[in-house]
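**Student:** Handing you this structure, nothing more for now.
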Amino acid sequence: MSSTESGLPIEPVYGPEALDGWPAEQRLGEPGAYPYTRGVYPTMYTGRPWTMRQYAGFGTAAESNRRYHQLVEAGTGGLSVAFDLPTQMGYDSDATVAAGEVGKVGVAIDSVEDMRVLFDGIPLGEVSTSMTINAPASLLLLLYQLVGQEQGVPGDRLTGTVQNDVLKEYIARGTYIYPPAASLRLTSDIFGYCQRELPRWNTISISGYHMAEAGATPVQEVAFTLANAREYVRAALSAGLGVDEFAPRLSFFFVSRTTLLEEVAKFRAARRIWARVMRDEFGATNPKSQMLRFHTQTAGVQLTAQQPEVNMVRVAVQALAAVLGGTQSLHTNSYDEAIALPTEKAARLALRTQQVLAYETDVTSTVDPFAGSYAVESLTDELEAAAVELMTRVEDMGGAVAAIERGFQKDQIEQSAYDVAKQIDAGARTVVGVNRYVSNDEEPYEPLRVDPAIEEAQAARLAALRSSRDGDTVGRELDAMRAAAAGSDNVLVPMRAALAARATVGEVCDALREVWGTYTPPAGI
Numbered sequence: 086m087s088s089t090e091s092g093l094p095i096e097p098v099y100g101p102e103a104l105d106g107w108p109a110e111q112r113l114g115e116p117g118a119y120p121y122t123r124g125v126y127p128t129m130y131t132g133r134p135w136t137m138r139q140y141a142g143f144g145t146a147a148e149s150n151r152r153y154h155q156l157v158e159a160g161t162g163g164l165s166v167a168f169d170l171p172t173q174m175g176y177d178s179d180a181t182v183a184a185g186e187v188g189k190v191g192v193a194i195d196s197v198e199d200m201r202v203l204f205d206g207i208p209l210g211e212v213s214t215s216m217t218i219n220a221p222a223s224l225l226l227l228l229y230q231l232v233g234q235e236q237g238v239p240g241d242r243l244t245g246t247v248q249n250d251v252l253k254e255y256i257a258r259g260t261y262i263y264p265p266a267a268s269l270r271l272t273s274d275i276f277g278y279c280q281r282e283l284p285r286w287n288t289i290s291i292s293g294y295h296m297a298e299a300g301a302t303p304v305q306e307v308a309f310t311l312a313n314a315r316e317y318v319r320a321a322l323s324a325g326l327g328v329d330e331f332a333p334r335l336s337f338f339f340v341s342r343t344t345l346l347e348e349v350a351k352f353r354a355a356r357r358i359w360a361r362v363m364r365d366e367f368g369a370t371n372p373k374s375q376m377l378r379f380h381t382q383t384a385g386v387q388l389t390a391q392q393p394e395v396n397m398v399r400v401a402v403q404a405l406a407a408v409l410g411g412t413q414s415l416h417t418n419s420y421d422e423a424i425a426l427p428t429e430k431a432a433r434l435a436l437r438t439q440q441v442l443a444y445e446t447d448v449t450s451t452v453d454p455f456a457g458s459y460a461v462e463s464l465t466d467e468l469e470a471a472a473v474e475l476m477t478r479v480e481d482m483g484g485a486v487a488a489i490e491r492g493f494q495k496d497q498i499e500q501s502a503y504d505v506a507k508q509i510d511a512g513a514r515t516v517v518g519v520n521r522y523v524s525n526d527e528e529p530y531e532p533l534r535v536d537p538a539i540e541e542a543q544a545a546r547l548a549a550l551r552s553s554r555d556g557d558t559v560g561r562e563l564d565a566m567r568a569a570a571a572g573s574d575n576v577l578v579p580m581r582a583a584l585a586a587r588a589t590v591g592e593v594c595d596a597l598r599e600v601w602g603t604y605t606p607p608a609g610i
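Numbering (this note's numbering), first residue to last: 86 to 610.
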C-alpha cells in the first residue's frame, strides 16, 4: 500500500465508506462559509484568479528594482521581496559579520535610501508587496511606509504582507535575533501599530514553508504552523488587543509539493482546523478572523540541480496543487534555482506557468474542483486528525514557545528529513534525474552570479549616509526607541522616527540588542 508524505495510507480505491463518521456539515459547509474547507471566498477564482506574486531580490536595490519592473511588465500582480542574509539578521552591509554575504540571497537594504531606490518607479498605492523578513520585520515595514509617504501614498492605501513570523526561525531557519519573549513583544507591537497606521496591511504571514523546506511532513507543517499561530494570538490578546481587531489581518504561508492529492487535502484541513480554533478557542465572531488566508510557494527543496529542465514540470504540478487547494496568492519557483539565482528568462517562465493555469485551463471555472472526491475528502479528514493530535502534544508541553525551548519541533522535523534522505539514498523514493532516469550528458548551464563589488558599493553608500545625516538627531531617536523597548510603549513609533532620520538597519537592531539581548539556543538542540 502507498502512503503520503506524512505517512498516512493511500488506498487503491476510495468509496463512500471512506467518509463514514464525518458529518458533512462538520467537514464541508459552503465555499466562503464556516468551516471554510471549500475555500475562504464564495466565488474563489471564478471571479478573479489568485494573486501572482513573484519572489525576487538580489544584489543592490537598483538591480532588484530593474527586476521588479520586468516582473510588473510581464504581468505579475504582486511583488515579493527577498532580502540578503545581513539584512535578515539585522546587520549593515559593512559589518564584519556581513562579509561575503551582501546581496547574495536577496537584496541588501541598509537604510531608507536603499528602500527608496528599491521601489523607484513602482506605484506603492497600486502594487501589493510581500516582504520575507522576520526578526527585523518592523524596520523594513516602516521603511516601506516612509517610501510610500514620499510617493504621496497614505498608510491606509498600502497593501501587502510582512512575514514577521519569528517563531519558525527558532524551529527551522535560524535568522532570529532576540529571545522569544522579546520577539513576541515586537510582533504584538506590529499588530497594534498597523491597526492604527496601516489598516490594510497583513501584519504576519505565519509560515509552514520554511519548516517544510527543512524536512517537515505536511502534517508537521500544518500542526507546527497553527501552533505558532496560537502563540501569536495569545501574545496579541495579552497586549490588550481584541481578537477581532487583529485576527482579520493574519495570513499564512505554505509550501506546495509535487504530491498533489495530499497537498490539496492539507490546505483544506488547515482551513478547517484554524476556523475551529479561532471560533471555539479564542471566541472570534468576525468571519474574517476565522478564515485561513494563505500564500503558497512551490517547493524549492524538491528542485534538483541535475537535469534542471525537469523542474519546470515539478513547478507546474506544485502550482496546480496550490490552485486546487485554494491559495490566495502564489509564487512559482524558477527551474534553475537549485543552481543559482534565477535568470530573467527562468523567472519569466515561472510567471508564465501561473498564467497558463489561470487562463488556459478550466480549473478557475468552478469553486473547489475536488469537493466530494472520496480520496481527497478522506485524506483531508485523516490529515486533520493527525495534525490536531500533534498540535495537542505541543499544547501539552505548554505551547509553541515552551516546545521550542525543549527542541521538540526541531527534533521532529530533523527526523523526518533524515527519513526522506534515507529513502532517496536507498531508492525507495524516486527523484527523477537523481536516483532514477539519470542522464550523463547534461548541457552546461551558465548561472546568474552576484558581483562581489556590490559589498564595497554598499559600504561606500553607508559611509556617505553617515557623513551627511544629522548624527545628534539619530542618537536622540535611537535613545527614545531604547526607552520604549525597556518599557511598554509601542516600539515602532520611535523606531519610525529613527529610520526617518536615516538611522541604519544595523544601528536600530543593535540598539534593541542592547535592551533585549540576543538568543542562543540551548545546548543539544
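Just so it is clear, CB atoms sit at the ideal spot from N, CA and C, and this is done for glycine as well.
#1: Rounded to the nearest angstrom, what separates residue 610 and residue 469 at their Cα positions?
#2: Would you mind working out which of 161, 177 and 453 sits nearest residue 546, comparing C-alpha positions?
#3: Residue 596: which of 580, 255, 585 and 472 sits nearest, CA to CA?
#4: Residue 254 and residue 261 - do their beta-carbons sit closer together than 8 Å?
#5: Pull up the DSSP beta-bridge partners for residue 139, would you.
#6: Can you round the beta-carbon distance between residue 348 and residue 388 to whole angstroms, since I take them to be within the 8 Å contact cut?
#7: Going straight from the alpha carbon of residue 89 to that of residue 385, what length do you get?
#8: Can you tell me whether DSSP reads residue 150 as helix, strand or coil?
#9: According to the Cβ coordinates, are residue 339 and residue 379 closer than 8 Å?
#10: Exposed or buried, residue 495, counting other C-beta atoms within 10 Å across all chains shown (16 or more means buried)?
#11: For residue 430, count neighbouring C-beta atoms within 10 Å of its own C-beta (all shown protein chains included) and say buried if the count is 16 or more, exposed if not.
#12: Quick one, are the C-beta atoms of residue 123 and residue 134 less than 8 Å apart?
#13: Relative to the C-alpha of residue 99, which candidate in 370, 168, 428 and 459 has its C-alpha closest?
#14: Where does residue 439 land, buried or exposed, given buried means 16+ other C-beta within 10 angstroms?
#15: Find the nearest neighbour of residue 534 within the set 471, 187 and 96, judged by alpha-carbon distance.
#16: What is the DSSP secondary structure of residue 272, counted as helix, strand or coil?
#17: Return helix, strand or coil for residue 514, following the three-state DSSP convention.
#18: State the beta-bridge partners of residue 415 as determined by DSSP.
#19: Use the C-beta contact count for residue 169: other C-beta atoms within 10 angstroms, 16 or more gives buried, fewer gives exposed.
#20: Quick check: the Cα distance between residue 268 and residue 320, rounded to an integer number of angstroms?
#21: My assumption, with CB atoms under 8 Å, is that residue 577 sits in contact with residue 218. Please give the rounded CB distance.
#22: Quick one: Cα of residue 603 to Cα of residue 184, how far?
#23: Checking 8 Å against the spacing of the C-beta atoms, do residue 82 and residue 407 come in under that value?
#24: Looking at residue 303 and residue 91, is the spacing between their C-beta atoms short of 8 Å?
#25: Name the residue from 401, 225, 367 and 383 whose alpha carbon lies nearest to the alpha carbon of residue 173.
#26: How many angstroms separate the CA atom of residue 605 from the CA atom of residue 563?
#27: If you follow the alpha helix (DSSP H) that residue 245 is in, where does it begin and where does it stop?
#28: Is the distance from the Cβ of residue 192 to the Cβ of residue 157 below 8 Å?
**Tutor:** According to the structure data:
#1: Note that residue 610 scores 43 on pLDDT, short of 50, meaning its location in the model is unreliable; the coordinates nonetheless yield the value given after this. When rounded, the distance between both Cα atoms is 28 Å.
#2: 177
#3: 580
#4: yes
#5: 164
#6: Contact flag wrong, Cβ pair sits at about 16 Å.
#7: 19 Å
#8: helix
#9: yes
#10: buried
#11: exposed
#12: no
#13: 459
#14: buried
#15: 187
#16: helix
#17: coil
#18: 137 and 381
#19: buried
#20: 10 Å
#21: That belief does not hold up - the Cβ atoms of residue 577 and residue 218 are roughly 14 Å apart, past 8 Å.
#22: 20 Å
#23: Residue numbering for the chain in the displayed model covers 86 to 610; residue 82 lies beyond these limits and cannot be assessed.
#24: yes
#25: 225
#26: 25 Å
#27: No alpha helix (DSSP H) contains residue 245, which is instead part of the beta strand (DSSP E) from 245 to 247.
#28: no
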